[in-house]
Amino acid sequence: MMKPLLEVEDLRVRFHLRTGTIEAVRGVSFQLGRERLGIVGESGSGKSQTGRAILGLTPPPGEVTAKRLAFDGIDLQTASKRTLREMRGGRISMVMQDPKYSLNPVMTIGEQIIEAYQAHAKTGRAEARDKALAMLEAVKMRDPQRVFSLYPHEVSGGMGQRAMIAMMLVTDPDLLIADEPTSALDVTVSMEVLRILDELVSERGMGLIFISHDLKLVSSFCDRVLVMYAGRVVEELEAKNLREAKHPYTQGLMRCLPTLANDVHPLPTLNRDPSWAL
Amino acid sequence: MLDIQNLNVVFGTGRLRVDAVKDVSFTVKRGEAYGLVGESGSGKSTVLRAICGLAPITGGRVLVDGRQVTTPRDKTFYRTVQMVFQDPYASLHPRHTVDRTLSEPLAIHGEKDAEARILQALKEVGLGPSFRFRYPHQLSGGQRQRIAIARALILRPKVLLLDEPTSALDASVQAEILNLLDDLRRKMELTYILVSHDLAVVAHLCERLLVMRHGEAVEETTAEALRSGKASNEYTQSLIQASQGFTRKPSQATAIAG
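Protein chains in written order, with the numbering used here: chain A, 12 to 289; chain B, 5 to 262.
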């Protein structure tokens with residue numbers, strides 16, 4: 012394998028609150044090449060905070076420490092603000108959960124894509140516009156010209172999410188972090204969005220970190236899966252070997268989902284062992 | 005128990021007219037669990053809301069226990085039919101304790117013996133008496149949904165309308181709530197109408213279901229038929245496929261493998 016794109020070692024995210032210190036992420040380590048990595052966990056497992064910490068988006072009063080946090084050899088902890096700014100959105104970008112909240116409501120979709128592009132590439136407006144239109148086409152918008160001049164409230168959830176993917180990929184990043192990109196969408200629409208994401212990622216040879224609570228979805232989409240529980244990675248496995256998961260938490264998560272194939276009454280529930288969180 | 009005939013729900017007039025539900029009919033027998041499945045905007049939630057009076061019935065009839073419902077609904081209706089909402093973070097009053105949330109329906113209906121009833125209701129949903137004086141923010145998502153179910157059950161209704169009761173919850177908590185709903189139905193001989201976008205959840209809890217799209221009924225089928233993959237309708241098939249997780253097109257899959 013080539014040099015890893017992203018190296019994370021002993022990542023910790025702490026929040027110092029009035030009531031004490033909460034450690035949301037407690038020593039996460041992984042390496043990422045140009046592959047699709049899934050991070051799965053339930054709410055509060057620290058999966059989103061892991062994604063945010065990589066981009067330096069941990070909200071104050073959060074504190075991020077790591078033995079090593081490097082992207083393509085550049086240490087993200089000691090890098091200057093300027094380098095980080097160039098990196099964010101340029102070489103690493105992030106797709107958020109809900110397009111309703113993460114697109115600017117008073118700018119047209121086209122303007123937003125142009126803004127994202129011009130923040131990282133010194134080009135004229137005409138070229139940026141062409142690039143934005145091409146990107147809208149790449150995410151399979153039926154009428155890119157029309158979508159270009161629409162405001163976010165005028166498009167559906169699936170279109171909004173595709174517009175966001177277009178915006179995030181317009182700068183040709185090396186790494187894309189997708190934080191629950193399809194949770195706010197319908198099943199059939201989310202499959203369509205995933206298909207587009209999948210095509211673009213494999214075409215451009217990007218690295219992808221896919222954060223989700225949906226174990227079934229992640230295992231069908233990614234190459235490798237990290238299972239998080241209470242701020243730690245409890246298990247790392249190849250997505251296709253998910254059935255042979257060893258950790259009782261992963262097994263429990265797999266079993267407690269109702270499936271169409273077999274009808275189990277009652278559903279097995281997850282008995283949380285306090286030792287998992289240690 | 006429940007008979008819906010040619011239900012139409014229309015919002016707005018003129019240019020803003022939206023036909024949210026078009027000519028939907030189904031019947032639910034006593035003690036049965038019936039599912040409504042579809043994407044957002046398919047009108048499945050609107051059907052529930054129309055039944056319990058939160059959306060206007062523009063056309064058609066809704067019969068509960070053989071009698072047509074009145075508008076506004078009377079107290080007898082709400083003693084028979086209660087609803088559990090999707091998001092337990094939004095459906096409980098943030099500044100009311102569990103005790104106050106649960107005593108409100110009792111007060112409205114002039115029920116006596118509130119204390120015993122509240123403790124009983126908490127027990128039924130698997131929570132102890134220690135939860136009685138807590139506020140919603142002191143509860144987890146699953147516990148909140150249990151309170152929402154307790155609130156709906158405290159008047160001993162016969163029909164429970166469940167609007168995506170588990171979609172805001174984690175997978176492991178979803179399993180607990182689904183088991184609870186299953187148990188309660190058996191113990192109290194309840195009739196359920198369950199709305200969900202998740203075919204697996206509906207097939208788990210319900211015997212029969214209606215697939216909806218764009219406000220229209222696409223197909224009425226049984227959980228059994230879904231399981232054996234016998235759904236005839238193309239749209240139902242696509243929903244089944246989507247619920248199995250992400251699939252790559254064969255050509256692409258080999259490209260990645262190679």
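Glycine included, each C-beta is placed from N, C-alpha and C at the ideal position.
List the residues of chain A that residue i touches, going by C-beta distances under 7 Å, in chain order.
i, result
"B/PHE250", "MET202, LEU205, LEU228, SER231 and PHE232"
"B/HIS201", "ASP197 and VAL198"
"B/ASP186", "HIS276 and PRO277"
Assign residue i to one of three DSSP states: helix, strand, or coil.
i, result
"A/VAL198", "helix"
"B/SER107", "helix"
"A/ALA256", "coil"
"B/GLN72", "strand"
"B/ALA257", "Below a pLDDT of 50, predicted positions are generally treated as unreliable, and B/ALA257, at 43, falls in that range; the measurement from the model is reported next regardless. DSSP places B/ALA257 in helix when its eight states are reduced to three."
"A/ARG102", "coil"
"A/LEU28", "strand"
"B/GLY262", "Confidence in B/GLY262 is poor, its pLDDT being 35 and thus under 50, which makes the residue's placement unreliable; the coordinate value appears in the next sentence. Coil."
"B/LYS26", "strand"
"A/ASN282", "coil"
"A/MET265", "helix"
"B/PHE15", "strand"
"B/MET87", "strand"
"B/GLN142", "helix"
"B/HIS100", "coil"
"B/ILE61", "coil"
"B/PHE263", "Coverage of chain B is limited to positions 5 through 262, which leaves residue 263 of chain B absent and any answer about it impossible."
"B/ARG21", "coil"
Just curious, the beta strand (DSSP E) that residue i is in, first and last residue?
i, result
"A/VAL238", "235 to 240"
"A/GLY73", "73 to 76"
"A/GLU249", "243 to 249"
"B/VAL222", "220 to 226"
"A/VAL51", "47 to 51"
"A/PHE221", "218 to 223"
"A/ARG189", "The amino acid at residue 189 of chain A is misidentified as Arg; the sequence shows Ala. Unbroken beta strand (DSSP E) run through A/ALA189: 186 to 190."
"B/VAL163", "163 to 167"
Who are the neighbours of residue i on chain B, taking C-beta pairs under 8 Å?
i, result
"A/GLU148", "Near A/GLU148 there are no residues of chain B at all, since even the closest Cβ is about 19 Å away, more than 8 Å."
"A/ASP274", "ALA207, HIS208, ALA227 and ARG231"
"A/HIS224", "ASP174 and ALA175"
"A/THR280", "SER176, ALA179, GLU180 and ASN183"
Let me make sure I understand the geometry here. Which of the options has the alpha-carbon closest to that of residue i?
i, options, result
"A/VAL181", "A/ARG215, A/LYS92 and A/ALA195", "A/ARG215"
"A/GLY44", "A/TRP287, A/MET217 and A/ASP225", "A/MET217"
"A/TRP287", "A/SER56, A/VAL19, A/ARG23 and A/ASP185", "A/SER56"
"A/TYR162", "A/GLU46, A/LEU205, A/TYR112 and A/VAL150", "A/TYR112"
"B/GLY249", "A/ARG140, A/GLU203 and A/VAL212", "A/GLU203"
"A/SER231", "B/GLY64, B/SER247, B/ASP91 and B/LYS33", "B/SER247"
"A/THR151", "A/PRO110, A/GLN123 and A/LEU208", "It is Lys, not Thr, that sits at residue 151 of chain A in the sequence shown. The shortest C-alpha separation from A/LYS151 is found at A/LEU208."
"B/GLN178", "B/HIS141, B/ILE122, B/THR31 and B/ARG148", "B/ARG148"
"B/LEU11", "B/GLN86, B/ASP91 and B/LEU52", "B/LEU52"
"A/CYS267", "B/ALA204, B/GLU238 and B/ALA229", "B/ALA204"
List the endpoints of the continuous alpha helix (DSSP H) containing residue i.
i, result
"B/ALA94", "92 to 95"
"A/GLN156", "155 to 159"
"B/PHE81", "79 to 84"
"B/ALA120", "118 to 128"
"B/VAL177", "175 to 192"
"B/ILE158", "No alpha helix (DSSP H) contains B/ILE158, which DSSP labels as neither H nor E."
"A/GLU138", "136 to 149"
"A/GLY232", "In the sequence as presented, Gly is not what sits at residue 232 of chain A; that position holds Phe. Its alpha helix (DSSP H) spans residues 226 to 232."
"A/SER59", "58 to 66"
"A/GLY169", "168 to 180"
Per DSSP, what are the beta-bridge partners of residue i in this structure?
i, result
"B/LEU40", "B/VAL199 and B/LEU214"
"B/ASP7", "B/THR31 and B/LEU67"
"A/ILE85", "A/PHE82"
"A/ASN273", "DSSP output for A/ASN273 lists no bridge partner at all."
"A/PRO117", "Strictly speaking, residue 117 of chain A in this sequence is Val, with Pro absent from that position. According to DSSP, A/VAL117 bridges with nothing at all."
"A/ARG37", "A/ARG23"
"A/LEU17", "A/LEU43 and A/PHE82"
Against residue i, what residues of chain A qualify as contacts under a CB-to-CB distance less than 8 Å, listed in chain order?
i, result
"B/VAL205", "PRO269"
"B/SER44", "GLY168 and ASP197"
"B/SER247", "VAL198 and LEU271"
Run down chain A in chain order and give the residues with a C-beta less than 9 Å from the C-beta of residue i.
i, result
"B/ILE244", "LEU271"
"B/HIS218", "Going along chain A, no residue has its Cβ under 9 Å from B/HIS218, so there is no contact; the nearest lies around 13 Å."
"B/ASP91", "What B/ASP91 touches in chain A: nothing, since even the nearest Cβ is about 13 Å away."
Quick one: list the residues of chain B neighbouring residue i, beta-carbon separation under 9 Å, in chain order.
i, result
"A/GLU53", "ASP174, ALA175, SER176 and VAL177"
Along chain B, in chain order, which residues have C-beta atoms closer than 7 Å to that of residue i?
i, result
"A/LEU264", "ALA175 and SER176"
7 Å is my cut-off, CB to CB: does residue i come that close to chain D?
i, result
"A/PRO277", "The structure shown contains no chain D; its protein chains are A and B."
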